[in-house]
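Colleague: Residue numbers (my numbering): 7 to 378.
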């Protein structure tokens, strides 16, 4: 029984009422999918309904707390909820090694400083990588003497880049172990290849930089890496400073993979006292922005100590603007999206730099990858 009390889940409603039956059906399906053996108690008596102080039916009560009323959460939402509440949290998001690509720009320096502080918080190692890609006009690049000179120059620049970071001057009590490497190749492909190397747990990148010809020919390196990497990618807006993740927004599209992704988010957030906002934005052509359906009544404790969890639905005709607005209004520290949301990500990483930067002006964005 997972160490939880009997009748931990109660469905409040009216016997035979279609919405009460649907809520019960969804709860049973979610429990079955997760192989959870938890009893459900149905409460129909008026005096007992009054005792819970609900304002409408059907209502869902878990471990004595009213979680929802007058709405019917879907099976996928309930799976995320039950998994967070009842299943023990495994450390399935170890953060031991972080790769930081750099083009030596101001944006890359900010991302490096952010990564140093993140790695200090998680006691992770850092590897700083510069990918050397010659412009087409570098006709002498492949001559042995010239090639050696290019590598030596970039290695010198990389060493200076690391040494000159403010964090290296003693702002952080315990600096992480830092490795460095200059690679030759296409930046996006090289970084994506690194992302699949054993022990690579995360890539931290700035969202703009000084790619010059690379930006013109190949598009945004960070955009390509974020969508195709084999590990989570954390995109750091220019000027964003690291701070503990007290409020994390997970953008959901009610995909079956969201439950697994939430496991990773909760595991990642476990190092901080964190509120996780599970936000589903429903495309509605008649609504600009309306937070009109709180799927669950309150934040509640997950199976991970120190992590609270709540679900919200937003009606809006502009998904990105709505997500950005909610994040700003709720002082979100980190936005998390997954590749279960490919249409959403495609819109987010559209060629329109203006739209992309409006979305990520101040809040770091983590892209997690769902591979099933």
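Here a beta-carbon is modelled for each residue, glycine too, at the ideal position from N, C-alpha and C.
Quick one: complete alpha helix (DSSP H) runs, 4+ long, within the stretch 77-144?
Modeller: List check, alpha helix (DSSP H) in window: 81-92, 112-128.
Colleague: What runs of the alpha helix (DSSP H), each 4 residues or longer, lie entirely inside the stretch 245-289?
Modeller: Fully enclosed alpha helix (DSSP H) runs of 4 or longer: 264-275.
Colleague: Flag this pair as yes or no: are the beta carbons of residue 89 and residue 269 separated by less than 8 angstroms?
Modeller: For the purposes of this step, residue 89 is taken as residue 83 along the chain shown, with counting starting at 1. For the purposes of this step, residue 269 is taken as residue 263 along the chain shown, with counting starting at 1. Closer than 8 angstroms, so yes.
Colleague: Short of 6 angstroms in beta carbon distance, which residues of its chain neighbour residue 120, apart from the five on each side in sequence? Order them along the chain.
Modeller: The sequence position of residue 120 within the chain shown is 114, counting from 1. The residues are 242, 248.
Colleague: Which word fits residue 115, buried or exposed, when buried means at least 16 other C-beta atoms lie within 10 angstroms of its C-beta?
Modeller: In the chain shown, the residue the question calls residue 115 occupies position 109. Label assigned to residue 115: buried.
Colleague: Could you spell out the range, first to last residue, of the alpha helix (DSSP H) harbouring residue 40?
Modeller: One-based indexing of the chain shown puts residue 40 at position 34. Per DSSP, residue 40 belongs to no alpha helix (DSSP H) and is neither H nor E.
Colleague: Which two residues bound the contiguous beta strand (DSSP E) that contains residue 20?
Modeller: Within the chain shown, numbered from 1, the residue matching residue 20 stands at position 14. Note, residue 20: premise wrong, no beta strand (DSSP E); not H, not E.
Colleague: Can you tell which of 108, 86, 193 has the C-alpha that lies nearest to the C-alpha of residue 37?
Modeller: Taking the first residue of the chain shown as position 1, residue 37 is located at position 31. For the residues 108, 86, 193, the minimum Cα distance to residue 37 belongs to 86.
Colleague: So, are the CB atoms of residue 340 and residue 257 less than 8 angstroms apart?
Modeller: Working through the chain shown from its first residue, we reach residue 340 at position 334. Working through the chain shown from its first residue, we reach residue 257 at position 251. Contact: no.
Colleague: Between the stretch 316-323 and the stretch 270-290, do three or more beta carbon pairs fall short of 8 angstroms?
Modeller: Yes, they touch.
Colleague: Taking the alpha-carbon positions, what's the residue 217 to residue 99 distance?
Modeller: The residue you call residue 217 lines up with position 211 of the chain shown. The residue you call residue 99 lines up with position 93 of the chain shown. Only weak support exists for where residue 217 lies, its pLDDT of 44 falling under 50; the coordinates are left without a value.
Colleague: Hey, could you find the ends of the beta strand (DSSP E) residue 240 is sitting in?
Modeller: Sequence index remark: in the chain shown, residue 240 carries index 234 (1-based). 239-242 is the span of the beta strand (DSSP E), which, as asked, contains residue 240.
Colleague: Roughly how many whole angstroms lie between the Cα atoms of residue 137 and residue 263?
Modeller: What you label residue 137 is simply residue 131 of the chain shown in a count that begins at 1. What you label residue 263 is simply residue 257 of the chain shown in a count that begins at 1. Their Cα atoms are separated by approximately 33 angstroms.
Colleague: In angstroms, rounded to a whole number, what distance separates the CA positions of residue 231 and residue 125?
Modeller: Counted from its first residue, the chain shown places residue 231 at position 225. Counted from its first residue, the chain shown places residue 125 at position 119. Approximately 20 angstroms, taken between the alpha carbons.
Colleague: Indicate whether residue 210 and residue 56 have their beta-carbon atoms separated by less than 8 angstroms.
Modeller: Counted from its first residue, the chain shown places residue 210 at position 204. Counted from its first residue, the chain shown places residue 56 at position 50. Not in contact: residue 210 and residue 56 (Cβ atoms no closer than 8 angstroms).
Colleague: Sorted by chain position, which residues of the same chain lie with C-beta nearer than 6 angstroms to residue 371's C-beta, five sequence neighbours on each side aside?
Modeller: Here residue 371 is taken as the residue at index 365 of the chain shown, counted from 1. Correct list, in chain order: 241, 341.
Colleague: Nearest CA to the CA of residue 344: which residue from 275, 67, 239, 206?
Modeller: Within the chain shown, the letter at position 338 stands for residue 344. It is 239 whose Cα lies nearest to the Cα of residue 344.
Colleague: Do you know whose CA, among 82, 374, 46, lies nearest residue 259's CA?
Modeller: Along the chain shown, read from residue 1 onward, the residue named residue 259 stands at position 253. Closest option to residue 259, Cα to Cα, is 82.
Colleague: Can you check which of these residues, 265, 333, 183, is closest to residue 80 by C-alpha distance?
Modeller: Here residue 80 refers to the residue found at position 74 when the chain shown is read from its first residue. Here the closest residue by C-alpha is 265.
Colleague: Whose C-alpha, out of 14, 196, 237, is nearest the C-alpha of residue 227?
Modeller: Position 221 of the chain shown, counted from the first residue, corresponds to residue 227. With distances taken between Cα atoms, residue 227 lies closest to 196.
Colleague: What is the rounded straight-line gap between the Cα of residue 67 and the Cα of residue 35?
Modeller: For the purposes of this step, residue 67 is identified with residue 61 of the chain shown, where counting begins at 1. For the purposes of this step, residue 35 is identified with residue 29 of the chain shown, where counting begins at 1. The straight-line gap from Cα to Cα measures roughly 17 angstroms.
Colleague: If the criterion is Cβ atoms closer than 8 angstroms, does the pair residue 63 and residue 54 meet it?
Modeller: Your numbering for residue 63 matches position 57 in the chain shown. Your numbering for residue 54 matches position 48 in the chain shown. Going by C-beta atoms, residue 63 is not nearer than 8 angstroms to residue 54.
Colleague: Does the beta-carbon of residue 28 have 16 or more other beta-carbons within 10 angstroms, so that it is buried, or is it exposed?
Modeller: In the chain shown, residue 28 corresponds to position 22, counting from 1. That one is exposed.
Colleague: Alpha carbon to alpha carbon, how far is residue 184 from residue 5? Give it in angstroms, no decimals.
Modeller: Residue 5 is absent from the structure shown; the chain starts at 7 and stops at 378.
Colleague: Buried or exposed: which applies to residue 107, given that a residue is buried once 16 or more other Cβ atoms fall within 10 Å of its Cβ?
Modeller: Numbered from its first residue, the chain shown carries residue 107 at position 101. Its Cβ being crowded by 16 or more others within 10 Å, residue 107 is buried.
Colleague: Tell me the rounded alpha-carbon separation between residue 299 and residue 327.
Modeller: Position 293 of the chain shown, counting from 1, holds the residue named residue 299. Position 321 of the chain shown, counting from 1, holds the residue named residue 327. A caution first: residue 299 carries a pLDDT of 48, below 50, which makes its placement in the model too unreliable to give a value.
Colleague: Counting C-beta neighbours from all protein chains within 10 Å, is the total for residue 23 16 or more, i.e. buried, or is it exposed?
Modeller: Counting from one through the chain shown, the residue named residue 23 turns up at place 17. Exposed is the call here.
Colleague: Using only CA atoms, which one of 283, 335, 39 lies nearest to residue 317?
Modeller: Residue numbering aside, residue 317 sits at position 311 when the chain shown is read from its first letter. Of 283, 335, 39, the residue nearest in Cα terms is 283.
Colleague: What are the residues that DSSP puts in a beta bridge with residue 48?
Modeller: Here residue 48 refers to the residue found at position 42 of the chain shown. Residue 48 is bridged to 17.
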